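Chains as they are written, first to last, in our numbering: chain L, 11 to 358; chain E, 11 to 358; chain Z, 5 to 330; chain F, 5 to 330.
For every residue, glycine included, the Cβ atom is placed at its ideal position computed from N, Cα and C.
Since this is a predicted model, take the numbers as computed values, not measurements.
For reference, the structure is listed below as structure tokens.
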Amino acid sequence: MGTEAAPVRRCVEVINAALHDAFERHEGVHLIGEDLLDPYGGAFQASKGLSTRWPDRVITTPISEASLVGIAAGMAIRGLRPIVEIMFGDFIALSLDQVVNGVSKFREMYDDQVTVPLVVRTPMGGRRGYGPTHSQSLEKMLVGVPNIRVVATSEIHDLHALVSACVDDDEPVFLIENKVMYGRPMRRPAGGRLDGFAVRETAGPYPALTLSGNDFGPAEATIVAYGGMVPLAMEAATRLIVEEELFCEVVALSSLLPMDLEPVLESVRRSGALITAEEGTLTLGVGAEIAARVQEAAFGELRAPVRRVAAGDGIIPSAPGLETDHLPGVDDLIGAVTTLAGAPGAVW
Amino acid sequence: MGTEAAPVRRCVEVINAALHDAFERHEGVHLIGEDLLDPYGGAFQASKGLSTRWPDRVITTPISEASLVGIAAGMAIRGLRPIVEIMFGDFIALSLDQVVNGVSKFREMYDDQVTVPLVVRTPMGGRRGYGPTHSQSLEKMLVGVPNIRVVATSEIHDLHALVSACVDDDEPVFLIENKVMYGRPMRRPAGGRLDGFAVRETAGPYPALTLSGNDFGPAEATIVAYGGMVPLAMEAATRLIVEEELFCEVVALSSLLPMDLEPVLESVRRSGALITAEEGTLTLGVGAEIAARVQEAAFGELRAPVRRVAAGDGIIPSAPGLETDHLPGVDDLIGAVTTLAGAPGAVW
Amino acid sequence: MSLRGPGPAAIRPPGVVGYIPPVTWTPRPLPPVADLHRRMYGIRRFEETLLEMFSKGLLVGTTHTCIGQEADAVGVIDHLDPARDLVVSNHRCHGHFLAFTGDRLGLLAEVMGRTAGVSGGRGGSQHLCAPNFYTNGIQGSIVPLTTGMALAQKREGAGGIATVFIGDGTLGQGVVYECLNMASLWELPLLIVVEDNLYAQTTPRALAVAGSVPARAEAFGVAAELITTTDVRQIHAAAGRGVEHIRATGAPYLLGIETYRLAAHSKGDDTRDPAEIEGRREQDPLAVTASLLDPDERTRIESACEEDLARTVELAHAAPVAGVAA
Amino acid sequence: MSLRGPGPAAIRPPGVVGYIPPVTWTPRPLPPVADLHRRMYGIRRFEETLLEMFSKGLLVGTTHTCIGQEADAVGVIDHLDPARDLVVSNHRCHGHFLAFTGDRLGLLAEVMGRTAGVSGGRGGSQHLCAPNFYTNGIQGSIVPLTTGMALAQKREGAGGIATVFIGDGTLGQGVVYECLNMASLWELPLLIVVEDNLYAQTTPRALAVAGSVPARAEAFGVAAELITTTDVRQIHAAAGRGVEHIRATGAPYLLGIETYRLAAHSKGDDTRDPAEIEGRREQDPLAVTASLLDPDERTRIESACEEDLARTVELAHAAPVAGVAA
Ligand SMILES: Cc1ncc(C[n+]2csc(CCOP(=O)(O)OP(=O)(O)O)c2C)c(N)n1
Ligand SMILES: Cc1ncc(C[n+]2csc(CCOP(=O)(O)OP(=O)(O)O)c2C)c(N)n1
Ligand SMILES: [Mg+2]
Ligand SMILES: [Mg+2]
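This is the structure we're talking about:
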């Protein structure tokens, strides 16, 4: 089940392989969630094969999201390493009491007498016509909760390493898996390059990748993105080079909480401008925290305010045309970069 | 039950009077929640007397927070005006599925065929030694949810008018009532002055108050606060005048969502610097959204980055000394103002 | 001296029990089988058409058909008065919607993402709204919603009933029991219909539902009945008993119907043994009614349905697409 | 042909049922009444001391005493083995904590906000942690936590039981039923003790609990018993039956104990009729045991307790205050 088995694999296959690997490495790893058993292996098939190989460590559950995360917390405190699969990220809302008033509190509230090494994996994101309750990007509801870790996958991250890091982490981790990403091939930099971009990747379990179209020369702007917005940011950067001869850097984060913005600040030192990109709704989205931190840490280096590109503050409609209008796209990113010279404060 | 009945009343009494008034004005107003019946009248006594006067419109419930907000949504869609009392704001986490995937979605998702005119009232805040699960300021979990309104009370707002506005609103409103505030006297500006400050108040149902120690002359900084941080910001501003001869403006918001920052921007035009003050934890707190908006809208007018004063990202400990250390206080606000001249980016 | 506290008779929830109890209703006799067949056939063909459109790539997103379970929708909803009763449904809601509203075009346009859809294209298959009809795709969360609506109906005093349809899998959600408790305490006119099709998505009931479904209601003091049938006449009779109980007493009721879903959970995701599905086809509710009909009458009914449906499809195709500038 | 799906015997949850069942245990005989009295008296006086300290302004925050309910803690927890069993409790947790750990100083220091407190002063009265003991102040949420711990214990195979204490009011929380369902399906060694003291804060049971408490467990296939007593001997016997059931079958159990809280919900917030409270004093569990003891023995036991407690108070006062630089 090594990562290098096949040259091109869909992201969901890599996640699946990493889960198999985690089950092999740790006796304590258990998977709990809905519709996990083979031949189905979870609604997005990320859990395929696990129940066949480890029938006593894959626990398919009733539809009881409010309890699942609490059950996992109990398992984790007692020495197991549970992984919870919440079928759609929208349903994380049902678990938030356990997250806010339990999982995130136990270690500190119990004076470090316990650890809660659990992983909650859940798919987020739209663009599949699933409508208002099956398309959201609700990671914003988690990033404000102290003492947990929130990690986002993207197709250019080493997903095998990322999933492994989450499982090995002694803190509770919420792993946000983008739905559209599942079906796309994982693409990794080779020789420090990917798709014509020069790439730098930070060290540590939850790396950020910085992509530059001109070998980290002067840039017009930095776009910080995560999850499903990463390929869109890359496409925007490519089109800006081709169509406008503007060079942008793209920073693809994996750790949303704790937030380590050093790669963003480093890029902003070259570009002097930052655009945050996220698929969730604008207000109090992840971009708000990034903007608040960067305007403070890089006040003297910003030649324009931090701009946020996000979904409008409303529902994600079901009809494809309405959904596309609602979600942030490549054109929105390009527009944000090209209007950087415009009047500040015009749009939020 | 008029607002002018007594010159000095505790905030909880004003809220209580406004609820009585709402029951009188609208047949459809119902109160639902735990331990509401007289003689108790709710854990903080805000609902006192209602069950005696309107026994068939005050519904005391089992401990079922996950359902209560959904029940209220059903009542509201069918033409009633329910008010839900969630005993402690910490328990709102139990209701978040109904908020995120129901209450906030119905009107838009159902193509404006319904409205959901409900109010959820809940006390937030610490400084009472109640410990990690009964002291939080979780309004941040609500402010990121599109299509709802989040309103915060403070002791210098006209609480009678504010509560009435919430009940009259056709959108779902979450009213955050500060616990420490309950027991303090409501203090209103008279002749445009309060406690030595000149005061301007915006029009509309959810006003913001701007306080100036030097009649809106040049100011060192603007402190934007809400809820229980309002009196602390006022105290900080007073001490800064007395101890440092620094004049700060304080903007006390009531509407956290939708966020109308015009009064803040107006004040920043005079001060050139903004400090956000909130009792909740820092990361992705309300201050993040304010900072993100203001740095964009007032980019050219800020002489320093927006600074955030908030609780540390962790639990609220129970021991009084630990709790005081953890929560933001007057000294933190004073420190933020006096170090404004310092190096930007030093602290978050 | 007993340690028991004051009993329910001594203390009533003052907030709710004081309401005027509902009074007038006329029990619904069983409609002619031809009529029931027509309604069920209309639902069946509507949903088969959706699946065809999906397989042709004419639809995107998701859909959950009630193929095999049409008798539940038709048998229960016949008892409801669209003017004063209301229905709340889940992801598998097309049958309930069509049985309650009859608005084929509004539903098809919605699933096709047209502005003429009942939710303007915003909601899609799982998020329908029409007068006295609402659906949502979050399992379980509709039960509190319906409970609140039942409370509003009790308050209104017009004798209306709030009916919510949930599946066996949704019995896993705790809010169901929170609401059984409150509906029982407050004596709300709430009808919970559990369509137990033996599976939740891929999960067989035995892996998700312990104990007994009616006992779960009865433990909260809610009257309940479980029937095992796809015969719309039996379902009609059982639903009649439930509705009568609610109209007469004002108190809630749970009706469990053991049935079977003949199509996939949504589109192609079926992990059940094909032989098992085949074995269930003889209980297809349409086979039951068809066997009772004169073949000519049946043909007449079904052809009329097909014509209606074809017209509906045409109209929906012609309707403006939501979110696309004209 | 039946429409019923595959029964529980045909399909078991593979993830959980495969575990090694717990095997060895020795049933606990009833300890001497003197011993039981000593334990209950220790809890009583500890909590009365807390209330005194509050009224003198020596404590801030909140506290919930189990005055009148001590027999539940002592009678149930006597059956548990602190080395392999675990206990999770709620806001009203001092009695459970003391019965399980005996650590008076750790608890007092915690409530007084001292670094020597069991949670370092971070948790306070409702958020205690000690080996195999955990509490949280959110009603209901501890039931999933305990269910997960029971699962871990089953996995471990050492025969441990996870016990959770909840109140009658907490039966309003849906997660209780989610977990009854899962514990039943997965055959988890979970003991749910419902301390039904007839009130939730100010709410009498009749306004919050419909139907029957044991029936709520049985509906999910969980064995249950309800007893109405404050006699620690009877509670000990009933808890023994529950623990024996779990150790023998591996399956969960619910024990309901109808009791009465003689003090306020937390400090001064009592809305009950004082006459009602007075009437309950003859069932004070300490009165029951005291009546069985030789007066001299009782005096010896109680004086020893008082001395212990006085020493504990002294030590706690001397301990460093959390968050205040030395
Ligand atoms: C809260 C929540 N969890 C999970 C899902 C995903 N989901 C959709 S349908 C379904 C199965 C529902 O089973 P059941 O209640 O038996 O209804 P059926 O599909 O059999 O009609 C699941 C798990 C959901 N929509 N909502
Ligand atoms: C989720 C939640 N809702 C409300 C409360 C506030 N509260 C604390 S104790 C209590 C009453 C609990 O009643 P019961 O379960 O009967 O236990 P008792 O206090 O009688 O021991 C309430 C409502 C809480 N702590 N958690
Ligand atoms: Mg089903
Ligand atoms: Mg109680």
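_Contact test: E/L157 Cβ vs ligand 3 heavy atom, cutoff 6 Å_ = As written in the sequence, residue 157 of chain E is Asn, which differs from the Leu given in the question. Every heavy atom of ligand 3 is 6 Å or more from the Cβ of E/N157, so no.
*Going by the C-beta, is Z/G173 closer than 6 Å to any heavy atom of ligand 1?*
A distance criterion of 6 Å places the beta-carbon of Z/G173 in contact range of ligand 1, judged by its closest non-hydrogen atom.
*Please list, in chain order, all residues of the same chain as Z/E114 whose beta carbon is under 7 Å from its beta carbon, the five residues on each side excluded.*
Only residues of its own chain outside the window of five on either side were considered, and among them G121, V122, S123, G125, G127, G128 and L132 have a CB closer than 7 Å to the CB of Z/E114, listed in chain order.
*Consider the Cβ of F/P26: report whether some Cβ of chain L lies at a distance smaller than 7 Å.*
Annotation note: pLDDT 49 at F/P26 (below 50); position unreliable, coordinate value reported separately. Closer than 7 Å: no.
*Leaving out five residues before and five after F/S6 in sequence, what residues of the same chain have Cβ atoms less than 8 Å from its Cβ?*
Confidence in F/S6 is poor, its pLDDT being 31 and thus under 50, which makes the residue's placement too unreliable to answer from.
*Ignoring anything shorter than 4 residues or poking outside the region 188-271 of chain E, list the alpha helix (DSSP H) runs there in chain order.*
189-192 and 239-249, all fully within the region 188-271 of chain E.
*Closer than 7 Å, CB to CB, is L/P133 near chain E or not?*
Residue contact check for L/P133 against chain E: no CB pair falls below 7 Å.
*Between the region 93-107 of chain L and the region 78-88 of chain E, do three or more beta carbon pairs fall short of 8 Å?*
As far as the Cβ criterion goes, the region 93-107 of chain L does not touch the region 78-88 of chain E, which means the pair count is below three.
*asked:* Across the region 262-271 of chain L and the region 158-173 of chain L, are there enough close Cβ pairs to call them in contact, namely three or more that are closer than 8 Å?
replied: Because the criterion of three Cβ pairs below 8 Å is met, the region 262-271 of chain L and the region 158-173 of chain L touch.
*DSSP on E/S74, reduced to helix/strand/coil?*
Coil, per DSSP.
*Within chain L, partners of E/P338 - CB distance below 9 Å*: Correct list: empty, because the minimum Cβ distance to chain L is about 14 Å.
*Determine the contact status of L/E311 and L/R280, defining contact as a CB-CB distance below 7 Å.*
No, they are not a contact pair.
*asked:* Strictly below 8 Å CB to CB, what residues from chain Z border E/S77?
replied: What E/S77 touches in chain Z: V147, P148, T151, V179, E182, C183 and M186.
*Quick one: what does DSSP say F/G125 is sitting in, helix, strand or coil?*
The three-state secondary structure of F/G125, taken from DSSP, is coil.
*Exposure of E/D341, with buried meaning 16 or more beta-carbon neighbours within 10 Å*: So E/D341 ends up on the exposed side.
*For Z/G110, is the classification buried or exposed, using 16 other Cβ atoms within 10 angstroms of its Cβ as the cut-off for buried?*
With 16 or more Cβ atoms within 10 Å of its Cβ, Z/G110 is classed as buried.
*Can a CB atom of chain L be found closer than 7 Å to the CB of E/I325?*
Closer than 7 Å: yes.
*Within this structure, are the beta carbons of F/I71 and F/A103 separated by less than 7 Å?*
Cβ atoms of F/I71 and F/A103: not closer than 7 Å.
_Beta-carbon proximity check, E/L275 vs E/A302, cutoff 7 Å_ = Between E/L275 and E/A302, the C-beta spacing is not below 7 Å.
*Give the DSSP-derived three-state secondary structure of Z/G246 in the structure shown.*
In the structure shown, Z/G246 sits in a helix (DSSP, three-state: H, G or I).
_Strictly under 7 Å for the Cβ-Cβ distance: is Z/G215 near chain F by that measure?_
It does; some Cβ of chain F falls within 7 Å.
*Consider the Cβ of Z/I142: report whether some Cβ of chain E lies at a distance smaller than 7 Å.*
Taking CB atoms only, Z/I142 has a neighbour in chain E less than 7 Å away.
*What are the residues of the region 58-88 of chain L that lie near chain F, defined by any Cβ-Cβ distance shorter than 8 Å?*
Answer in chain order: S61, P65, D66, R67, V68, I69, T70, T71, P72, S74, A76, S77, L78, V79, G80, I81, A82, A83, G84, M85, A86, I87 and R88.
*asked:* Please report whether the beta-carbon of L/D335 lies at a distance below 7 Å from any beta-carbon of chain Z.
replied: Look at L/D335: its C-beta is under 7 Å from a C-beta on chain Z.
*Kindly list, in the order they appear in chain Z, the residues whose Cβ is closer than 9 Å to that of E/N111.*
Going along chain Z in sequence order, the residues near E/N111 (Cβ under 9 Å) are N140, G141, I142 and S145.
*Tell me, to the nearest whole angstrom, how far the beta carbon of E/V316 is from that of E/T349; I am working on the premise that it is less than 8 Å.*
About 14 Å; that fails the 8 Å criterion.
*asked:* Is the beta carbon of L/G345 closer than 7 Å to that of L/H336?
replied: Against a cut-off of 7 Å, the Cβ pair of L/G345 and L/H336 comes out as no contact.
*Going by other Cβ atoms of all chains shown within 10 Å of its Cβ, with 16 needed for buried, is E/K58 buried or exposed?*
With at least 16 other beta carbons inside 10 angstroms of its own, E/K58 counts as buried.
*Any non-hydrogen atom of ligand 1 within 6 Å of F/A267 CB*: No, the beta carbon of F/A267 sits no closer than 6 Å to any heavy atom of ligand 1.
_Length of the line joining the Cα atoms of F/P26 and F/P86_ = Residue confidence is low: F/P26 scores 49 on pLDDT, short of 50, so the model does not pin down where it sits. Its coordinate-derived value is still stated next. Take the alpha-carbon of F/P26 and the one of F/P86: they are about 16 Å apart.
*Could you tell me which residues DSSP puts in a beta bridge with E/R159?*
DSSP, once it has assigned bridges, lists E/V183 as partnering E/R159.
*In chain order, what residues of the same chain have a beta carbon less than 7 Å from the beta carbon of Z/A154, not counting five sequence neighbours either side?*
In the same chain as Z/A154, and ignoring 5 residues on each side of it, the C-beta atoms closer than 7 Å to its own belong to A166, A187, L192, P193 and L194, in chain order.
*So, do the region 172-187 of chain E and the region 150-163 of chain E have three or more beta carbon pairs nearer to each other than 8 Å?*
The region 172-187 of chain E vs the region 150-163 of chain E: in contact.
*Give, in chain order, every residue of the region 216-233 of chain F whose Cβ lies closer than 9 Å to some Cβ of chain Z.*
For the region 216-233 of chain F, which is checked against every Cβ of chain Z, the residues closer than 9 Å are S216, V217, P218, A219, R220, A221, E222, A223, F224, G225, V226, T232 and T233.
*For Z/G171, does the three-state DSSP call read helix, strand or coil?*
DSSP places Z/G171 within a strand segment (E or B) once states are collapsed to three.
_Beta-carbon gap between F/G117 and F/A326 smaller than 7 Å_ = Their beta carbons are under 7 Å apart, which means F/G117 touches F/A326 by this criterion.
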